[in-house]
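Visitor:
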């Protein structure tokens with residue numbers, strides 16, 4: 215996409231509705247249990263990772279230039295399970311992310327974490 | 215949450231802005247490369263999975279009743295990396311999910327996939 | 215295999231030699247760095263997991279009866295990377311497992327851990 | 215370890231016996247099903263990967279120099295589940311690895327795969 219065009223995440227409200235209807239029509243909720251949903255999420259995250267395995271920075275750049283759409287598809291697969299699990303578990307995900315960002319801002323104070331990739335419990 | 219209250223995913227537009235500013239202020243883009251971003255995503259998905267390991271259906275239910283907020287936090291962590299990677303790669307994620315849903319609807323025709331958990335290439 | 219025939223893990227000594235020669239001949243050590251080796255290990259572990267996704271206990275049993283060899287192949291892939299990484303890092307893996315078993319026996323005292331799947335730090 | 219001292223993988227024969235007795239004494243086979251065993255394997259592989267996240271080649275080298283034992287512990291955890299699963303599924307793992315190496319040697323012919331990290335189905 216043109217990097218000036220911002221994606222509109224508000225579209226997820228209706229996309230989630232479409233996903234729920236997709237699953238309802240196929241009567242798939244009988245298979246949905248937390249363990250298998252979480253396995254799906256983990257396997258899809260692995261498929262994202264597989265795109266970058268063994269590649270140098272330069273090779274990843276070329277790969278994204280040519281196959282960016284495929285990577286986008288894999289990220290969409292991850293998002294699919296995150297949204298479905300959140301709905302299934304009754305989790306308000308934007309609220310959870312909001313809370314998380316508050317925690318992150320507290321755990322990684324600017325002065326200590328600037329230019330450091332240390333985890334919060336290892337910050338000097 | 216009350217299951218009648220729907221989360222508003224439109225809030226992700228401003229939350230993504232907050233995430234980007236969080237990273238910019240710490241000068242963390244120097245560490246952001248596709249491989250490590252994808253590793254982060256995979257590790258956070260594993261943390262979701264860890265919640266359900268060894269648990270029976272009944273135990274998962276109790277776990278979610280007591281620790282649903284923690285599971286929500288882990289899902290928010292996964293979402294964090296999905297959003298950050300999508301921005302970093304210039305991927306319009308809602309559009310990718312829209313395209314994906316179209317593919318899913320084509321690959322899993324109602325009449326063949328109803329009540330079946332077979333993958334699309336194994337549908338009878 | 216006939217369950218009375220025990221595998222002989224001593225064969226791994228020469229199999230590791232064969233693996234190292236396989237890699238040396240292809241000049242692949244130039245690609246071997248800890249991060250990508252660990253990614254390979256993680257991706258192969260995901261392929262094992264994929265075999266059991268969405269399946270009930272009964273379905274897993276049938277799957278193993280029919281496709282046990284494929285699952286064995288995936289486990290061999292995981293072992294491949296564990297052995298290669300251990301050699302690459304100079305780790306004596308049997309000694310590490312020996313030490314680990316000592317720790318496990320101490321962390322999971324019989325009287326507390328019998329019939330419980332709680333983690334050691336949650337044992338009553 | 216001194217890199218001239220080779221580990222003896224024949225020790226795994228008795229270590230596996232110790233592992234089986236460890237599990238038998240705690241009556242843990244009641245929890246062992248293919249799905250949760252495979253989840254354990256995947257989660258332990260993630261813990262190996264976590265050691266190298268965000269680190270440069272130089273930082274990984276230092277990390278291994280200081281924390282090599284910890285990495286060895288994580289690799290031993292992965293091996294633990296590979297061995298336990300193989301026993302549980304009745305898989306002769308050294309035989310599976312032997313077969314796999316034969317396949318690898320056929321799929322990656324020397325002349326095509328030397329100095330290339332392409333997957334076998336993408337070899338020029």
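Chains as they are written, first to last, in my numbering: chain A, 215 to 338; chain B, 215 to 338; chain C, 215 to 338; chain D, 215 to 338.
We treat Cβ as the ideally placed atom computed from N, Cα and C, and that holds for glycine.
Which residue's Cα is closest to the Cα of residue 268(B): 307(D), 322(D), 315(D), 253(D)?
Guide: 253(D)
Visitor: Go through the segment 234-307 of chain A residue by residue and report every complete run of the alpha helix (DSSP H) that reaches 4 residues or more, in order.
Guide: 248-264, 271-303
Visitor: Can you find the residues in the same chain that come closer than 8 angstroms, C-beta to C-beta, to residue 296(C), ignoring five residues on each side of it along the sequence?
Guide: 255, 307
Visitor: For the segment 219-231 of chain B and the segment 221-230 of chain A, state whether three or more C-beta atom pairs, one from each stretch, are separated by less than 8 angstroms.
Guide: yes
Visitor: Assign residue 284(C) to buried or exposed, taking buried as 16 or more other Cβ atoms, counted over all protein chains shown, within 10 Å of its Cβ.
Guide: So residue 284(C) ends up on the exposed side.
Visitor: What does the alpha-carbon distance come out to for the pair residue 304(C) and residue 279(D)?
Guide: Cα-Cα distance, rounded: 10 angstroms.
Visitor: Determine, for residue 305(B), whether the minimum Cβ-Cβ distance to residues of chain C falls below 9 angstroms.
Guide: no
Visitor: Output the distance between the C-alpha atoms of residue 276(D) and residue 317(A), rounded to the nearest integer angstrom.
Guide: 30 angstroms
Visitor: Where do the ends of the alpha helix (DSSP H) carrying residue 327(C) lie?
Guide: 324-327
Visitor: Please tell me whether, using a cut-off of 8 angstroms, the distance from the CB of residue 242(C) to the nearest non-hydrogen atom of the ligand PLP is below it.
Guide: Among the components modelled here there is no ligand, and therefore nothing to report on the ligand PLP.
Visitor: Determine, for residue 256(C), whether the minimum Cβ-Cβ distance to residues of chain B falls below 9 angstroms.
Guide: yes
Visitor: Give every residue of the same chain whose Cβ lies closer than 8 angstroms to the Cβ of residue 259(D), excluding the five residues on either side of it in the sequence, and list them in chain order.
Guide: 292
Visitor: By the 8 angstroms beta-carbon criterion, what residues does the segment 233-250 of chain A contribute toward chain C?
Guide: 245, 250
Visitor: What is the rounded straight-line gap between the Cα of residue 266(D) and the Cα of residue 249(B)?
Guide: 11 angstroms
Visitor: Report all residues from its chain with a CB closer than 7 angstroms to the CB of residue 301(B); omit the five preceding and five following residues, and keep chain order.
Guide: Excluding positions up to five away in sequence, the list reads 230, 234.
Visitor: Which residue wins for smallest C-alpha separation from residue 263(C), given the options 321(C), 288(C), 245(C)?
Guide: 288(C)
Visitor: Would you tell me roughly how many angstroms separate the C-alpha atoms of residue 311(C) and residue 228(D), rounded to the nearest one?
Guide: 11 angstroms
Visitor: Helix, strand or coil for residue 311(A)? Go by DSSP, reduced to three states.
Guide: helix
Visitor: Is the CB of residue 268(A) under 9 angstroms away from at least one CB in chain D?
Guide: yes
Visitor: What does the Cβ neighbour count give for residue 251(D), buried or exposed, with the cut at 16 atoms within 10 Å?
Guide: buried
Visitor: Smallest Cα separation from residue 294(A): which of 338(A), 270(A), 336(A), 257(A)?
Guide: Cα-wise, what sits closest to residue 294(A) is 257(A).
Visitor: Using a Cβ-Cβ cut-off of less than 7 angstroms, list which residues of the segment 321-336 of chain C approach chain B; keep chain order.
Guide: So the close ones are 331.
Visitor: Could you check the C-alpha separation between residue 290(A) and residue 323(C) for me, to the nearest Å?
Guide: 45 angstroms
Visitor: Contact check, residue 315(C) vs residue 236(D) under 8 angstroms by CB: the rounded distance?
Guide: With a beta-carbon spacing of about 7 angstroms, residue 315(C) and residue 236(D) fall inside the 8 angstroms limit used to define contacts.
Visitor: Against residue 319(A), what residues of chain B qualify as contacts under a CB-to-CB distance less than 7 angstroms, listed in chain order?
Guide: 236
Visitor: Hey, out of 321(C), 335(C), 331(C), whose CA is closest to residue 241(D)'s CA?
Guide: 331(C)
Visitor: Would you tell me roughly how many angstroms separate the C-alpha atoms of residue 239(C) and residue 328(D), rounded to the nearest one?
Guide: 7 angstroms
Visitor: As a quick exercise: from 326(B), 298(B), 309(B), pick the residue whose alpha carbon is nearest that of residue 243(B).
Guide: It is 298(B) whose Cα lies nearest to the Cα of residue 243(B).
Visitor: For a contact meaning CB atoms closer than 8 angstroms, what does residue 314(B) contact in chain A?
Guide: 287, 290, 291, 294
Visitor: Would residue 260(A) pass as an interface residue toward chain C - the criterion being a Cβ-Cβ separation below 9 angstroms?
Guide: yes
Visitor: Can you give the Cα-Cα distance for residue 321(D) and residue 286(C), rounded to whole angstroms?
Guide: 18 angstroms
Visitor: DSSP three-state label for residue 230(C), please.
Guide: Residue state for residue 230(C) is assigned as helix, using DSSP reduced to three classes.
Visitor: Determine whether the Cβ of residue 272(A) lies closer than 9 angstroms to any Cβ atom of chain C.
Guide: Judged by the 9 angstroms Cβ criterion, residue 272(A) is not in contact with chain C.
Visitor: Could you work out which residues of chain B lie near residue 338(A), taking near to mean beta carbons separated by less than 9 angstroms?
Guide: In chain order: nothing, as chain B lies at least about 14 angstroms away.
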